[in-house]
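Since the structure comes first, as structure tokens, the remarks are kept for the end.
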Amino acid sequence: SESTKKSTSNDNNSSKKEEINSNNDKSAKEKKSIILATTTSTENSGLLDYIIPNFEEKYGREVKVIAVGTGKALTMGENGEADVLLVHAKSSEEAFVEAGHGIKRYDVMYNDFVFLGPKEQTLIDEESSSAVKVLTKIAEEKGTFVSRGDDSGTHKKELSLWEDSGIKPEGDWYVSAGKGMGDTITMADEMEGYTLSDRATYLSRMKDVDLEIVAEGDELLFNQYGVIPVNPEKSDMINKNGAEEFVEWILGDTCQSMIEEFGKEKFGQSLFVPNGK
Amino acid sequence: MNLTICKLTKYYNNQLVFKNIDMIMEAGNVYGLKGDNGSGKSTLFRIIAGLEKQTFGEVLYNKKKFDNTVQRKITYMHQKPYMMKKTVFKNILYPLTIRNKIDEKDIKKTYKIMEELDLYKFKDKKAWNLSGGEMQKVSLARAIIFEPEILLMDEPTAHMDKKTVETIEKMVIKRQRKNKMLTAIITHDTKSLDRLFDRVYYL
Amino acid sequence: MNLTICKLTKYYNNQLVFKNIDMIMEAGNVYGLKGDNGSGKSTLFRIIAGLEKQTFGEVLYNKKKFDNTVQRKITYMHQKPYMMKKTVFKNILYPLTIRNKIDEKDIKKTYKIMEELDLYKFKDKKAWNLSGGEMQKVSLARAIIFEPEILLMDEPTAHMDKKTVETIEKMVIKRQRKNKMLTAIITHDTKSLDRLFDRVYYL
Amino acid sequence: MKYILEGFFEAFKLILSCDTEVYQIIGFSLLVSMTSTIISSIIGIPIGFFTGLHNFKFKDYYSRILFTMMGLPPVVIGLLVALFLARRGPLGSFQLMYTPIAMIIAQTILVTPIITGNIFNYTKEHGPIIYEVSKTLGCEFWQRVIFLFQEMRIIIFIGMAQGFGRAISEVGAIMIVGGNIKGHTRVMTTFIAMNNSMGNYGISIAMGIVLLTISFFLNTLMYRLIERDIK
Amino acid sequence: MKYILEGFFEAFKLILSCDTEVYQIIGFSLLVSMTSTIISSIIGIPIGFFTGLHNFKFKDYYSRILFTMMGLPPVVIGLLVALFLARRGPLGSFQLMYTPIAMIIAQTILVTPIITGNIFNYTKEHGPIIYEVSKTLGCEFWQRVIFLFQEMRIIIFIGMAQGFGRAISEVGAIMIVGGNIKGHTRVMTTFIAMNNSMGNYGISIAMGIVLLTISFFLNTLMYRLIERDIK
Ligand SMILES: Nc1ncnc2c1ncn2[C@@H]1O[C@H](COP(=O)(O)OP(=O)(O)OP(=O)(O)O)[C@@H](O)[C@H]1O
Ligand SMILES: Nc1ncnc2c1ncn2[C@@H]1O[C@H](COP(=O)(O)OP(=O)(O)OP(=O)(O)O)[C@@H](O)[C@H]1O
Ligand SMILES: [Mg+2]
Ligand SMILES: [Mg+2]
């Protein structure tokens, strides 16, 4: 079957074992599982629960999802603690590959970041729709802004936006939470403040918060997700084949269309737009 | 203070200890209480001291029921002496400290009683390291110095040497000189102490 | 088993308890040990039983030093009896349970001694609810039933009524009938028990 | 391995570096956890005494519930407190969410059963005789209480030490109700958790070492206070 | 408010719903925490006995260190264990990271001091006389140990109950070394924490209620076992 072909077509010893395994028993649990380090947004939005099972039965390989901030995910890759990364901080990712921590980086899907603010807020209006304008306005009016502050992809993006706006955010109005996206949204809601969130997480939290989108659409807010198989030289325990299979699969048509589908019936729109290549 | 005990009955979870006891103890006298093991001597004292509830019957103090004022005038010396986590000196001084500020007089008084029972050498020793008899001495000194109107001693001399027993007899006699003092002593010992008792009750 | 105590000295953190004690105790005899409170009687017994270390000097058992075999043949009855968190019956039976499987004989034996000390009525009672004297009876029964070659009793009769004291005398005499049994008893009591002693040591 | 050594190294840097943020975090953690421990003691010790001394129906149900409460999950406590204090919650109007007060409330709920439980167990076994003695020596009600305190000071110390240890080391509750806001509600454990999730292992361990050192010295301090004339 | 009621409601749904994932999470939590508690007891009880009975230099330093360790921060433990088990770490070759074994290791480190501490304190006070009696009744070494067990069964129960409560309710350590992997290392607390950040408060509380109910019944069970003929 496909899985046996895969494992014979390689040389690294960890999968020699596999071959034997898959010969005497091809049941899912038998093949070496892979560790996927990803961001909280992909898990909290429920995407992974939706797509991963397809991979598992197709390749008979388990995926262990560790949901952390992009920063930590990259560190894990750097230390060879994960086999493959699914993250969203393009520049850092490219740097990561540059440094030889990862083999190659592929686009997988995108959605966009949105500025959230209290319902009936007046601070932000149509003409201040560009990301930079929004931040400037918030900074000037000292409207509470809750930042991830956890070195995640979203945080990196936010910082780069401040960069562009030439403002150094500090003061009581700028709340650095050091938490995941979900918790940060809760806090912004609680403090009736503003925050920057990826659309997926926001949509999945819409039901229980009083926040609404106050600004969106700026191309700066584009949120590209990428997949990177970790460089096997990082650690002899890295499951190279598994990683390759995963990349192949996630960029494949089946998965891409599943991503397209995900969330449509629940939220009326898909949370991620596939652009795998 | 006079004690009147009428129709006192005690059960421990429906096991009878004693039944319909009647006794009268009058101030100025020393009473002995004797009886076999398990006859309920300690229990009786503990009820009188308000540490345990009787099942039936009642105990009257000057015809009045037990209350706080009585509590303050009555002391029960446990059969198994309890040593506070303090030095010997502080153990004995304690009853005075709770009344009012300690003054020279109190200290003197404490030293005196310690010398009488020759505990002075243990002044600053941790009380829980004393020998059995020494502990009994401490708890006795503690009770005497408190000067209760009713003093109930539960086998105070069980672990004591002859010499000390005599000292205690002296102390009790001295204590009785002040009028309206009532002392009751539980003992299995058939000889010593007996000469103290104005009357002996048997359980 | 014979005991030879030579030049035994004990300090508690450089406070002297006793110094250069010499004693000989021979199997088949009953020894009395007397002395004032704090003279070190309990300490001496505890050292003999291997519960405490002497500062100087030594104790020999049939000319040999203390070791496990001795440990198994010697029992010390604490001055303040310790009741296991078990029923009275199980407390007394315990020493037999640790030797080998309990058989009819053991149970009988236990019942018998309980009757002699009239503890039978407390058979299934929680031992820690007993009265002072009853506890002493239990710890005595526990020690006797263990049948040690050397039995060290620390004021066993302190809280006991006359009747019981006599029972105990009988038991000791009975025990001594078996040869090579050694019994030593600490007591402040000047009258009873005395007739048991083949020899009395004073500390 | 290297992280651990690095950790010790960083720990010293952390202390010596006059980085005010670090000091502020440490000080704030102590403030919050000590306050909760003290409040918990004020609530828990009397309850422990009382329930330990008196016999009442269902006493052993009570004691088992107490043991269970000693293991209340911080995250659950945090969540419940949050729900009460949240803007839309019953106590929303006080605006306590993400404030030190919220953190103290949560930790008090966490610590109180621990202190109560310790006192209760000890009192059940040793309380009665102590209480009796204080009675026979003519103590008024308050003097009896003081007497209990004096005689039980060791276990009280242990209970408080355990409670404080639990408070200072927990992250679940305080993260939720405090929010780990930089410069406001960030404490040692949330600081550690955050740096951890950012992959800064060295500094996390450093702060961990600081935390343990501090609670060790606090224990020593308290112990000295009560140690006097005790074996 | 409504969340709390909702929580109770959901709790029942959760139990009755034959959602295998939920059962699997509950069962797995119990497995991990019980295993760690048992291992900790096997390590901690003997140490507690031994150090409690014997006098040695620095005994009170030891006891204070022990108290401090009773408050080891789960996050720090988790981090340290992670550093050792990580692929890069000294024990990396065993590939234990994100496995139940890693979780058990972390929780054992967390719980052992708690059990040791409880036993140690009690033994220090009551151990000597108990040990003496067993000696005078001619117990061999092992019989003495058994004797100590029997006489101290209450405190042993309390220690284990406390330890288990701590283990089942902590999230800091288990989240780091377990990774909260669906179907593999997800336990009640990590499940709660995750649902919190996903805003599913109802189900978080529900799981919290389940957790407490379970540990209450476990306490009851254990208590029954040792209760026999004890006041
Ligand atoms: N807490 C208790 N629960 C159950 N039974 C008890 C309790 N306390 C005492 N008893 C029983 O009540 C009876 C009387 O006890 P008490 O201590 O009054 O006897 P006593 O006359 O003082 O005996 P002794 O001379 O040995 O001290 C004893 O048989 C004892 O077993
Ligand atoms: N653990 C200890 N630490 C310090 N001193 C102690 C300790 N145990 C006993 N002592 C002291 O040693 C002396 C002897 O104690 P021991 O118990 O042997 O006296 P004893 O002869 O048995 O007296 P009693 O007749 O009252 O039982 C006493 O003065 C006691 O204070
Ligand atoms: Mg009595
Ligand atoms: Mg003695």
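Chains as they are written, first to last, in this note's numbering: chain A, 1165 to 1441; chain B, 431 to 633; chain C, 431 to 633; chain D, 3 to 233; chain E, 3 to 233. Here a beta-carbon is modelled for each residue, glycine too, at the ideal position from N, C-alpha and C.
- Message: Taking 8 Å as the threshold (beta carbon to beta carbon), is T70/D in contact with chain G?
- Response: Absent from the structure: chain G. Protein chains present are A, B, C, D and E.
- Query: For the candidate residues I451/B, S561/B and P525/B, whose alpha-carbon lies nearest to that of A588/B?
  - Reply: Indexing the second sequence from 1 puts residue 588/B at position 158. Residue S561/B is the option with its Cα nearest to A588/B.
- Message: Out of L82/E, S136/E and M177/E, which one is the CA nearest neighbour of R529/C?
- Response: Translated into positions along the third sequence, residue 529/C becomes position 99. Comparing Cα positions, the closest option is S136/E.
- Query: So is A1359/A buried or exposed if we call it buried at 16+ other beta carbons inside 10 Å?
  - Reply: Working through the first sequence from its first residue, we reach residue 1359/A at position 195. What sits at residue 1359/A in the sequence shown is Thr, not Ala. T1359/A should be labelled buried.
- Do G465/B and ligand 3 come close, with the Cβ less than 7 Å from some heavy atom? Taking the first residue of the second sequence as position 1, residue 465/B is located at position 35. Checking the Cβ of G465/B against ligand 3 gives no.
- Query: In three-state terms, what does DSSP make of D624/C?
  - Reply: By 1-based counting over the third sequence, the position of residue 624/C is 194. Three-state result, D624/C: helix.
- Message: Given the structure, does H589/C come close to ligand 2, in the sense that its CB is under 7 Å from one of the ligand's heavy atoms?
- Response: Here residue 589/C corresponds to residue number 159 of the third sequence, with the count starting at 1. No, Cβ of H589/C sits at least 7 Å from all heavy atoms of ligand 2.
- Message: Contact between the stretch 172-185 of chain E and the stretch 547-561 of chain C is defined here as three or more beta-carbon pairs at a separation below 8 Å; is this criterion met?
- Response: no
- Message: Can you list, in chain order, the residues of its chain with a C-beta nearer than 8 Å to that of F166/E? Leave out the 5 residues immediately preceding and following it.
- Response: Numbered from its first residue, the fifth sequence carries residue 166/E at position 164. The answer, listed in chain order, is S35, M36, T39, V113, S217 and L220.
- CB of Q509/C to nearest heavy atom of ligand 4: below 7 Å? Indexing the third sequence from 1 puts residue 509/C at position 79. Q509/C Cβ: within cutoff of ligand 4.
- Message: Taking 8 Å as the cut-off, does the stretch 453-472 of chain C touch the stretch 486-504 of chain B (at least 3 CB pairs, one atom from each stretch)?
- Response: no
- Helix or strand or just coil, what does DSSP make of E1257/A? Here residue 1257/A is taken as the residue at index 93 of the first sequence, counted from 1. In this structure, E1257/A counts as helix in the three-state DSSP scheme.
- Quick check: the stretch 439-447 of chain C against the stretch 473-490 of chain C, are there 3 or more CB pairs under 8 Å? yes
- Closest Cα partner of L1325/A within the set F1279/A, T1350/A and L1435/A: By one-based count along the first sequence, residue 1325/A stands at place 161. For the residues F1279/A, T1350/A and L1435/A, the minimum Cα distance to L1325/A belongs to F1279/A.
- Query: Quick one: does T594/B have its CB under 8 Å from some CB of chain C?
  - Reply: Here residue 594/B is taken as the residue at index 164 of the second sequence, counted from 1. So, interface residue.
- Message: Less than 7 Å separating the Cβ of S569/C from some heavy atom of ligand 4?
- Response: Numbered from its first residue, the third sequence carries residue 569/C at position 139. False, no ligand heavy atom lies under 7 Å from that Cβ.
- Item | Own chain partners of I79/E with C-beta closer than 6 Å, once the 5 adjacent residues on each side are dropped | In the fifth sequence, counting from the first residue as 1, residue 79/E sits at position 77. Here the set comprises A108, I111, L112 and A175.
- Task: Using three-state DSSP, classify N432/B as helix, strand or coil.
- Result: Within the second sequence, residue 432/B is the residue found at index 2, counting from 1. N432/B falls in the coil class under three-state DSSP.
- Query: In terms of alpha-carbon separation, which member of W1337/A, Y1338/A, A1263/A and S1361/A lies closest to T1348/A?
  - Reply: Position 184 of the first sequence, counting from 1, holds the residue named residue 1348/A. Of W1337/A, Y1338/A, A1263/A and S1361/A, the residue nearest in Cα terms is S1361/A.
- Message: In whole angstroms, give me the CA-to-CA distance for I228/E and I156/E.
- Response: The residue given as residue 228/E occupies position 226 in the fifth sequence. The residue given as residue 156/E occupies position 154 in the fifth sequence. Cα-Cα distance, rounded: 7 Å.
- Task: Under 8 Å by Cβ, that's how I've got T125/D and L55/D pegged, so tell me the actual separation to the nearest angstrom.
- Result: For this step, residue 125/D is matched to residue 123 along the fourth sequence. For this step, residue 55/D is matched to residue 53 along the fourth sequence. Yes, they are in contact, since the Cβ atoms of T125/D and L55/D sit about 6 Å apart, within 8 Å.
- Task: Please look up how many angstroms separate the CB atoms of E1376/A and T1308/A, rounded, as I've assumed it's under 8 Å.
- Result: As a first step, residue 1376/A is located in the first sequence; it is residue number 212 there, counting from the start. As a first step, residue 1308/A is located in the first sequence; it is residue number 144 there, counting from the start. With 8 Å as the limit, E1376/A and T1308/A do not qualify as a contact, their Cβ atoms being about 16 Å apart.
- Item | heavy atom of ligand 2 below 7 Å from N559/B C-beta | Mapped onto the second sequence, residue 559/B falls at position 129. Yes, Cβ of N559/B sits closer than 7 Å to a heavy atom of ligand 2.
- Item | Where the beta strand (DSSP E) through K1196/A begins and ends | The residue given as residue 1196/A occupies position 32 in the first sequence. Unbroken beta strand (DSSP E) run through K1196/A: K1195 to T1202.
- Message: Determine, for S472/C, whether the minimum Cβ-Cβ distance to residues of chain B falls below 8 Å.
- Response: Locating residue 472/C in the third sequence gives position 42, counting from the first residue. S472/C counts as touching chain B.
- In chain order, what residues of the same chain have a beta carbon less than 8 Å from the beta carbon of T517/B, not counting five sequence neighbours either side? For the purposes of this step, residue 517/B is identified with residue 87 of the second sequence, where counting begins at 1. K553, D554, K555, K556 and A557, listed in sequence order.
- Report the neighbours of S561/B on chain C: residues whose CB is nearer than 7 Å to its CB, in chain order. By 1-based counting over the second sequence, the position of residue 561/B is 131. Those within 7 Å of S561/B in chain C are N467, G468 and S472.
- Task: Report the residue ranges of all beta strand (DSSP E) runs contained in full by the stretch 38-67 of chain D; include only those spanning at least 3 residues, in chain order.
- Result: none
- Would you check if the stretch 575-584 of chain B and the stretch 607-620 of chain B touch, i.e. whether three or more CB-CB distances between them fall below 8 Å? yes
- Following the continuous beta strand (DSSP E) through K629/C, name the residue where it begins and the one where it ends. Within the third sequence, residue 629/C is the residue found at index 199, counting from 1. Residue identity differs from the one stated: residue 629/C is Arg in this sequence, not Lys. From DSSP, the beta strand (DSSP E) with R629/C extends over R629 to Y632.
- Message: With a threshold of 8 Å between beta carbons, is Y442/C in contact with chain E?
- Response: Position 12 of the third sequence, counted from the start, is the residue given in the question as residue 442/C. Judged by the 8 Å Cβ criterion, Y442/C is not in contact with chain E.
- Task: Could you say which of P115/D, N202/D and E127/D lies nearest to M162/D if we only look at CA atoms?
- Result: Position 160 of the fourth sequence, counted from the start, is the residue given in the question as residue 162/D. Ranking P115/D, N202/D and E127/D by Cα distance to M162/D puts P115/D first.
- Message: Is it buried or exposed, V630/B, if we count other Cβ atoms within 10 angstroms and call 16 or more buried?
- Response: Position 200 of the second sequence, counting from 1, holds the residue named residue 630/B. Exposed.
- Task: Please decide whether K1193/A counts as near chain E, where near means a Cβ-Cβ distance under 8 Å.
- Result: Sequence index remark: in the first sequence, residue 1193/A carries index 29 (1-based). Only weak support exists for where K1193/A lies, its pLDDT of 43 falling under 50; the value from the coordinates is given anyway. No, because no Cβ of chain E sits closer than 8 Å to the Cβ of K1193/A.
- Any non-hydrogen atom of ligand 3 closer than 7 Å to K471/B Cβ: Reading the second sequence from its first residue, position 41 is the one you call residue 471/B. Correct: K471/B has its Cβ closer than 7 Å to ligand 3.
- Message: Any heavy atom of ligand 1 inside 7 Å of the beta-carbon of E596/C?
- Response: Along the third sequence, read from residue 1 onward, the residue named residue 596/C stands at position 166. Not under cutoff, so the answer is no.
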